[in-house]
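Written out below as structure tokens is the structure these notes cover.
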Amino acid sequence: MTATPRHQFLNLLQSILLLAGMAVIAWFIVSAIAGQGLAIAIVIGSLLGLLLSPGIPKRLLLNAYGARRLSGREFPEGMAILAELARRAGLPRVPELYYVPSQMPNAFAMGSPDESAVCVSDGLLRLMNQRELAGVLAHEVAHIANRDLWIMGLADAMSRAVSLASWVGQLILLLNLPLILAGAAYVPWQVPLVLIFSPTIMALLQLALSRAREYDADRGGAELTGDPDGLASALLKLERRVGRVWEDMFLPGRRIPEPSLLRTHPPTADRVRRLRALSGPRRPVPPSVPLNAPRAVRVSTPRYGPGGVYR
Numbered sequence: 001m002t003a004t005p006r007h008q009f010l011n012l013l014q015s016i017l018l019l020a021g022m023a024v025i026a027w028f029i030v031s032a033i034a035g036q037g038l039a040i041a042i043v044i045g046s047l048l049g050l051l052l053s054p055g056i057p058k059r060l061l062l063n064a065y066g067a068r069r070l071s072g073r074e075f076p077e078g079m080a081i082l083a084e085l086a087r088r089a090g091l092p093r094v095p096e097l098y099y100v101p102s103q104m105p106n107a108f109a110m111g112s113p114d115e116s117a118v119c120v121s122d123g124l125l126r127l128m129n130q131r132e133l134a135g136v137l138a139h140e141v142a143h144i145a146n147r148d149l150w151i152m153g154l155a156d157a158m159s160r161a162v163s164l165a166s167w168v169g170q171l172i173l174l175l176n177l178p179l180i181l182a183g184a185a186y187v188p189w190q191v192p193l194v195l196i197f198s199p200t201i202m203a204l205l206q207l208a209l210s211r212a213r214e215y216d217a218d219r220g221g222a223e224l225t226g227d228p229d230g231l232a233s234a235l236l237k238l239e240r241r242v243g244r245v246w247e248d249m250f251l252p253g254r255r256i257p258e259p260s261l262l263r264t265h266p267p268t269a270d271r272v273r274r275l276r277a278l279s280g281p282r283r284p285v286p287p288s289v290p291l292n293a294p295r296a297v298r299v300s301t302p303r304y305g306p307g308g309v310y311r
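Position 219 of the sequence shown, counted from 1, bears residue number 219 in UniProt numbering, the numbering being contiguous throughout.
Following this line, the structure appears as structure tokens:
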């Protein structure tokens with residue numbers, strides 16, 4: 001199963017345009033506040049940081065989540081699925097699989113294709129069957145193969161740079177306010193508006209980029225498994241299980257509408273609709289394991305104490 005060239009081109013074009021828009025805003029704001037020379041240095045430093053230190057955030061995040069690496073003896077089904085997906089995606093190394101002691105069903109990836117990790121929570125492992133787990137892992141492997149983590153890191157760096165430059169610019173305007181009021185200095189009316197609203201615009205573009213990469217990871221994951229219904233079923237399960245705690249408490253049976261512009265992920269219904277529109281031959285992952293068989297995950301439920309999570 002493959003996506004049409006038009007679909008792939010539109011996804012790529014959308015991501016390029018969003019990144020380009022963020023880059024233009026970042027360059028305009030940072031160079032206006034810091035000067036072109038310093039702005040160039042900031043850009044070069046940010047790119048070098050993203051290229052040379054991909055492992056530092058990985059270790060910090062794993063420690064922050066209390067993640068523990070799973071072995072093939074503890075979770076042979078998951079390791080076999082992940083190894084087959086990595087082979088199909090053409091990754092140079094199989095991502096490490098980590099267990100996160102959290103009851104919230106969740107999965108996420110980190111790192112680069114050369115050195116990556118996929119983390120799955122206790123809640124996710126207990127919620128999914130093997131077919132759905134294969135779809136979720138394929139989605140994360142697609143993120144790694146598409147280098148989405150680096151792309152989103154670049155977008156985040158630009159967004160942070162604009163926020164810092166905006167804050168500095170507003171501080172400069174505030175310090176020079178007596179001169180402006182006295183008529184000794186002139187500031188075009190557009191400048192305060194740009195300084196105030198540029199971080200918000202960058203945040204919205206970053207969210208839009210995240211949603212575009214999620215759609216692409218859904219498609220890539222479905223291509224890896226040949227089973228879009230498996231991922232669709234997993235997404236529907238997550239939507240039903242996670243919900244919103246406060247909504248269930250105060251508005252049982254109802255959902256608070258969330259503006260699509262403020263979502264990091266596209267609406268589940270839209271993702272499921274797109275997945276079910278795909279078709280192609282199913283390729284079990286791995287072929288020797290029946291995808292509909294229930295799992296037996298050999299991990300214990302975490303306990304919580306004053307110092308955090310302990311086993």
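Where a beta carbon is used, it is the ideal one built from N, C-alpha and C, also for glycine.
Small disclaimer: the values here were computed from a predicted structure and weren't measured.
Residues near residue i in its chain [Cβ-Cβ closer than 8 Å; skip 5 each side]
i	result
LEU251	Confidence at LEU251 is low in this model, with a pLDDT of 46, below 50, so its placement is unreliable and the value that follows should be read with caution. No residues qualify anywhere along the chain.
GLY183	none
LEU19	ILE151, LEU154, ALA155, LEU209
ASN63	none
Start and end residues, beta strand (DSSP E) containing residue i
i	result
ALA117	115–121
SER163	First-last for SER163: 148–175, but that is the alpha helix (DSSP H), not the beta strand (DSSP E).
LEU97	96–100
ALA185	Neither: ALA185 is in no beta strand (DSSP E) and is coded neither H nor E.
ALA109	107–112
Straight-line Cα distance separating residue j from residue i
i	j	result
GLU84	ALA26	40 Å
GLN170	ILE196	8 Å
ALA34	ALA165	8 Å
ARG68	ALA117	11 Å
GLN14	MET22	12 Å
ALA155	ILE42	14 Å
GLU239	ILE44	41 Å
ASP270	PRO228	13 Å
ARG254	ILE40	Low per-residue confidence applies at ARG254: pLDDT is 46, beneath 50, and the placement is therefore not dependable enough to give any value.
ASP248	ARG274	The predicted position of ASP248 is uncertain, since its pLDDT is 48 and thus under 50; a value taken from the coordinates is nonetheless stated next. Near 28 Å, if we compare the C-alpha coordinates of ARG274 and ASP248.
ARG160	VAL194	16 Å
ARG59	TYR65	10 Å
GLN130	LEU48	40 Å
MET128	LEU82	15 Å
ALA107	GLU223	19 Å
LEU179	ALA142	55 Å
VAL191	GLY230	50 Å
LEU177	VAL24	28 Å
TRP189	LEU181	13 Å
Closest by C-alpha distance to residue i, when choosing among the options
i	options	result
GLY221	LYS237, SER210, LEU278, GLU74	LEU278
MET79	ARG160, LEU137, VAL30, HIS265	LEU137
LEU235	GLY226, ARG276, SER71	ARG276
ILE144	ALA157, LEU154, ARG160, SER112	SER112
GLU74	ARG274, LEU174, LEU125	LEU125
PRO105	PRO266, ARG241, ARG93	ARG241
LEU61	CYS119, PHE28, LEU48	CYS119
SER71	LYS58, ILE44, LEU97	LEU97
ILE201	PRO178, GLY230, LEU177, MET158	MET158
Where the alpha helix (DSSP H) containing residue i begins and where it ends
i	result
GLU239	228–242
GLY221	190–225
GLY78	76–89
GLY135	130–145
ALA277	268–277
Contacting residues, own chain, Cβ-Cβ under 7 Å from residue i (five flanking each side not counted)
i	result
ASP148	ARG213, ALA217
VAL272	ALA232, LEU235, LEU236
ILE16	none
SER31	ALA39
Within 8 Å, strictly: CB atoms of residue i and residue j
i	j	result
PRO76	ALA86	no
GLU140	ALA185	no
GLY135	THR225	yes
VAL168	PRO199	no
THR264	LEU207	yes
LEU115	ARG93	Strictly speaking, residue 115 in this sequence is Glu, with Leu absent from that position. Their beta carbons are under 8 Å apart, which means GLU115 touches ARG93 by this criterion.
VAL187	LEU175	no
PRO266	ARG211	yes
6 Å Cβ shell around residue i - same chain, five flanking residues per side excluded
i	result
SER233	GLU132
GLN36	none
ILE29	VAL162, ALA165, SER198
Cβ of residue i within 8 Å of any chain D Cβ
i	result
ARG271	Here chain D cannot be found, since the structure has a single protein chain.
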